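Top line first, the protein sequences correspond to chains A and B.
The opening position of the first sequence corresponds to residue 1 in UniProt numbering, with each subsequent residue numbered one higher.
The opening position of the second sequence corresponds to residue 1 in UniProt numbering, with each subsequent residue numbered one higher.
Every residue gets a Cβ at the ideal spot worked out from N, C-alpha and C, and that includes glycine.
Quantities reported herein were computed from a predicted structural model and do not represent experimental measurements.
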Amino acid sequence: MGRFILTRLWQTLITLLLLTVLIFILARLTGDPTPLVMPSEATDADRNFFRQQYGLDRPIHEQYVIFLRNALRGDFGISFRYREPAFGLVIAAIGPTLQLAGVSMLVAMMLGLPLGIVAALRPGSWIAAAVRAYASLGQAIPTFWSGLMLILFLSITLPIFPSSGYGGPENFVLPAVTLGFYASASIAMLTWANMTEALRSDFVQMERVLGIPPRLIVLKHALRNASLPIVTYLGLQFGLLLGGAVVTERVFAWPGVGQMLVDAILNRDYPVVQAAVMMTAVLFMMINLMVDLLYAVLDPRVSRS
Amino acid sequence: MTCPGVMHPSERGKRGFAIGRRSVIGAGIATAIGGTRGVLAQGTGKPSLTVAIGTDATTMDPCRIAGGNDYFFFANVFEGLYGPDENGRSTPLLAESHTVSPDGLTWDFTLRANARFHNGEPVTAEDVRFSWQRAIDPATRNPRASVLVANIADVEVLELRRCRVKLKRRDATFLDNCGEYWYIISKKHVESAGENPFDRMPVGTGPFAFVERRIRSSIKLRGFEQHWGRVPAFGDVLMKIVPDDQSRVAQIQTGESDLVINIPPVLAAPLQRAPNVQIIRAPSFQNIYLAINALNGHPGLRKAEVRRALTMAIDRQALARATMLGFAQTTELLCQTGVFGCDVTVTPHAFDANRARELLTQAGFDFSRPLRILGQGTGRVPQARETVQGAAAFLNRIGIRTEINMLDYGAWLSIYGGREKDPNVDLIFANFTDYNADPSGRLLRQIRSGSAYSWYSNPEVDAMLDRMNDFASADERRPFVRQIFKRLHEEAPLIPLWTVDSIYGLGRRLQWKPTPNVSWPVLFNVRTA
């Protein structure tokens with residue numbers, strides 16, 4: 001097990017190093033940030049000073065070495081736009097993102113897992129048909145539309161929840177349901193398919209013959225066997241929510257890292273782009289690592305191999 | 001007058017149910033999630049005001065302002081010696097009065113006796129001098145120093161509340177620009193607060209004092225009760241950053257915000273029927289036009305008669321109606337009502353497709369070569385994409401082929417404001433926001449040869465522009481500026497389309513008139529109905 005963790009950590013570090021090169025180059029491909037950062041009244045001297053101040057006038061390889069050296073110390077530079085340390089800005093944004101991703105995943109699991117299990121237990125029934133319809137809708141409806149519809153019905157028509165903003169628990173409801181509904185559709189379908197397969201397997205048939213209570217068979221044995229792909233998907237989905245909930249963050253004015261990253265890209269705020277991508281990448285890799293470790297717990301063959 | 005969880009007593013009867021239900025549900029799930037939303041203190045005993053804006057300020061330091069959106073904050077927290085009054089005219093703010101020497105180079109200001117900074121310190125002539133020194137200090141790197149403060153040779157302290165400003169050369173825009181380009185700051189505060197004093201605690205003299213900022217989330221202000229004259233009717237003001245247009249509009253529909261800024265025309269039209277919302281519109285200083293590459297684009301564009309014909313080929317009224325739904329004022333000149341010197345009578349380049357085609361043919365325009373139009377992607381300017389497509393359709397109608405290239409704002413700006421003008425671009429959809437009613441900002445940056453946004457060059461026009469501010473009095477200057485606008489109308493270096501209306505959503509229980517000639521909301525005059 002120890003060797004398995006060490007190997008995965010080593011692979012993670014190599015991936016991170018490659019990512020620093022990639023994100024450094026990609027950020028610069030968007031163009032010169034000076035026209036976006038400096039007002040139209042700025043003189044050429046002001047613009048040149050800006051480039052010097054942020055080291056943008058140096059050769060690209062020098063800029064990369066400085067970036068890497070500073071990044072290892074946790075210093076991603078000063079945001080061109082906000083004149084604040086980029087890392088601090090990202091740290092401030094990662095909190096709301098993690099909170100929203102966590103609550104959304106909770107909503108997704110609470111909806112998706114039971115629906116998938118029930119559909120697998122009642123093949124061909126109206127319940128299975130309803131779950132299929134739910135999953136199709138969940139996948140087909142884009143989050144910006146479902147978010148706006150929730151605002152229309154639950155904020156404007158029925159003034160129950162705040163339409164946008166970050167802060168109190170009530171602010172979580174609409175964005176978490178928006179994201180959770182979307183993710184729950186896939187979880188339901190995945191759970192359904194894997195549970196169906198598990199329920200048809202020989203060991204489940206044997207357990208039935210042996211008279212083991214059905215609830216025990218479903219929840220302890222079949223679900224555990226069906227859980228590997230579901231856990232993988234949950235890990236991926238959580239990772240995607242960390243950096244990819246841009247639309248939902250925008251619709252609900254959620255000051256998270258996804259919206260920050262898009263703004264930073266549009267404003268060519270390299271330090272924030274680099275810090276945000278690195279931070280989400282580290283989190284994503286940590287989640288992947290945890291998923292791998294969970295694999296090993298759920299299926300001992302993984303750690304042995 | 002709402003802020004989350006807080007309601008002005010006068011509103012409880014009407015909206016109590018809504019807020020109450022939100023609070024109950026919020027409390028129900030509070031333990032599950034553990035939120036941290038605070039409740040605004042009612043420090044002044046006055047009602048609170050919540051304003052939804054689309055973009056966060058980039059800085060809290062008046063010497064590092066990067067663009068118009070920053071003024072949502074600065075116009076309410078800082079003041080200059082002069083600034084716009086409620087009618088948008090330049091009026092004494094921190095100065096009580098001034099005298100100017102006959103040569104226009106020496107300006108003596110007397111400061112208001114009761115002007116104070118938010119930290120309670122009185123505003124003195126020494127603060128005025130310090131504000132200038134900091135604004136031009138190379139270490140400050142004020143990117144806008146070139147407009148006003150760099151032309152100040154010296155600021156002398158005459159008495160505690162009297163100072164003398166000496167200019168290097170005459171500047172007819174001096175008083176107009178005092179509002180946005182030279183905010184007065186506290187010397188004591190800056191010297192005691194250490195590095196980046198305004199990032200920690202911005203201290204100004206405006207009607208609202210800074211309380212707290214959450215980057216990309218909100219800015220909290222509080223009415224400044226010791227203000228020399230413009231004491232707001234509200235205590236706490238919460239500026240919420242809500243980037244999405246639809247969500248911002250929802251803020252006013254639900255009553256979560258009392259005032260919503262920058263509503264796009266397509267959302268404003270249906271909102272006019274909402275029972276609890278007033279739509280307020282005011283002419284903004286956001287000018288929309290098609291810049292013409294008269295330098296190195298399509299060879300025909302170097303001729304003034306071709307540029308005039310292109311202007312005639314586009315039905316600006318129809319285009320404005322179709323794309324802006326009436327929320328825009330079309331313009332004939334390179335200025336609009338309210339701009340100094342814009343009161344000029346000219347023969348309009350009115351829409352006449354046949355005449356335009358005829359003029360182009362007479363001028364030997366090469367119809368075989370398409371006009372390449374650089375467009376701006378959606379986001380910054382309402383209906384940008386539709387405007388370009390509509391303008392291109394009008395040009396197509398008279399036989400001009402067009403190729404449209406839509407780019408995101410950053411890429412667009414790199415080309416439009418680039419030092420080297422791209423020969424592969426013939427027309428550029430562009431927007432330019434003025435800071436005040438003086439025309440020199442727009443003309444020097446859009447028209448003057450070699451300036452960032454100029455795609456046109458004419459030594460005679462340049463000579464006129466260089467002289468434009470060299471007047472001691474407005475009366476002497478006005479006819480000269482009119483002459484410039486007339487000349488530019490003949491030259492047609494760009495196709496003026498319209499000035500976008502600023503569209504605001506305001507709660508029914510409030511009264512507010514946006515300040516004319518100012519493109520950002522000035523909040524001190526918001527009142528309860």
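Check                                                                                                                          : Outcome
Closer than 8 Å at the beta carbon, the chain B residues around residue 251 of chain A                                         : 244, 246, 247
Alpha helix (DSSP H) segment containing residue 262 of chain A, residue limits                                                 : 257-266
Rounded C-alpha distance that separates residue 154 of chain B from residue 175 of chain B                                     : 16 Å
Chain B contact for residue 81 of chain A (CB, 9 Å cutoff)                                                                     : yes
Inter-residue Cα distance where the pair is residue 516 of chain B and residue 333 of chain B                                  : 19 Å
Exposure of residue 275 of chain B, with buried meaning 16 or more beta-carbon neighbours within 10 Å                          : exposed
Every unbroken alpha helix (DSSP H) within the segment 153-240 of chain A, with a cutoff of 4 residues, ordered by chain       : 173-200, 202-209
Beta-bridge partners of residue 494 of chain B, as assigned by DSSP                                                            : B/291
Residue 70 of chain A: first and last residue of the uninterrupted alpha helix (DSSP H) it sits in                             : 60-72
With 16 other Cβ atoms within 10 Å as the buried cut-off, status of residue 230 of chain A                                     : buried
Contacts of residue 146 of chain B in chain A (Cβ-Cβ under 7 Å)                                                                : 41, 43
Simplified DSSP state of residue 120 of chain B, which is helix, strand or coil                                                : coil
Under 8 Å (Cβ pairs) to chain B, residues found in the segment 77-101 of chain A                                               : 81, 82, 83, 84, 89, 92, 93, 99
is_contact[residue 386 of chain B, chain A] using C-beta, thresh 9 Å                                                           : no
Minimum length 3: unbroken beta strand (DSSP E) runs contained in the segment 260-348 of chain B                               : 277-292, 328-330
Partner residues on chain B for residue 25 of chain A, Cβ-Cβ distance less than 8 Å                                            : Within 8 Å Cβ-Cβ: nothing; residue 25 of chain A doesn't reach chain B, min ~17 Å.
Cα-Cα separation, residue 170 of chain A to residue 99 of chain A                                                              : 13 Å
Under 9 Å (Cβ pairs) to chain B, residues found in the segment 179-196 of chain A                                              : none
Collapsed DSSP secondary structure at residue 104 of chain A in the structure displayed                                        : helix
Nearest neighbour of residue 66 of chain B, chosen from A/214, A/36, A/125 [CA to CA]                                          : A/36
At least 3 beta-carbon pairs within less than 8 Å: the segment 286-300 of chain B vs the segment 408-428 of chain B            : yes
Neighbour flag for residue 441 of chain B against chain A, beta carbons, 9 Å                                                   : yes
Proximity below 9 Å, CB of residue 293 of chain B to CB of residue 501 of chain B                                              : no
CB contact check: residue 19 of chain B to chain A, cutoff 9 Å                                                                 : With a pLDDT of 37 at residue 19 of chain B, under the threshold of 50, the predicted position of this residue should be treated as unreliable, though the coordinate-derived value follows. Yes, residue 19 of chain B counts as interfacial toward chain A.
Residue 290 of chain A classed as buried or exposed, judged by whether at least 16 other C-beta atoms fall within 10 angstroms : exposed
Neighbouring residues, chain A, relative to residue 241 of chain B (Cβ below 7 Å)                                              : 253
Neighbour flag for residue 57 of chain A against chain B, beta carbons, 9 Å                                                    : no
CA-to-CA distance, residue 380 of chain B to residue 54 of chain B, given in whole angstroms                                   : 10 Å
Residue(s) in a DSSP beta bridge with residue 499 of chain B                                                                   : B/287, B/329
CB contact below 9 Å: residue 75 of chain A versus chain B                                                                     : no
Proximity of residue 71 of chain B and residue 520 of chain B at Cβ, strictly below 9 Å                                        : yes
Sequence ranges, alpha helix (DSSP H) only - wholly within the segment 383-434 of chain B, length at least 4                   : 384-397, 409-416
Per-residue contacts from residue 411 of chain B into chain A (C-beta, under 7 Å)                                              : 31
Whole-angstrom distance between residue 255 of chain B and residue 130 of chain A, CA atom to CA atom                          : 37 Å
Distance cut-off 8 Å: residue 38 of chain A Cβ against heavy atoms of the ligand FAD                                           : What this structure holds is no ligand at all, so the ligand FAD is not there to describe.
Other residues of its chain near residue 56 of chain B: CB distance less than 6 Å, five sequence neighbours each side excluded : 216, 241
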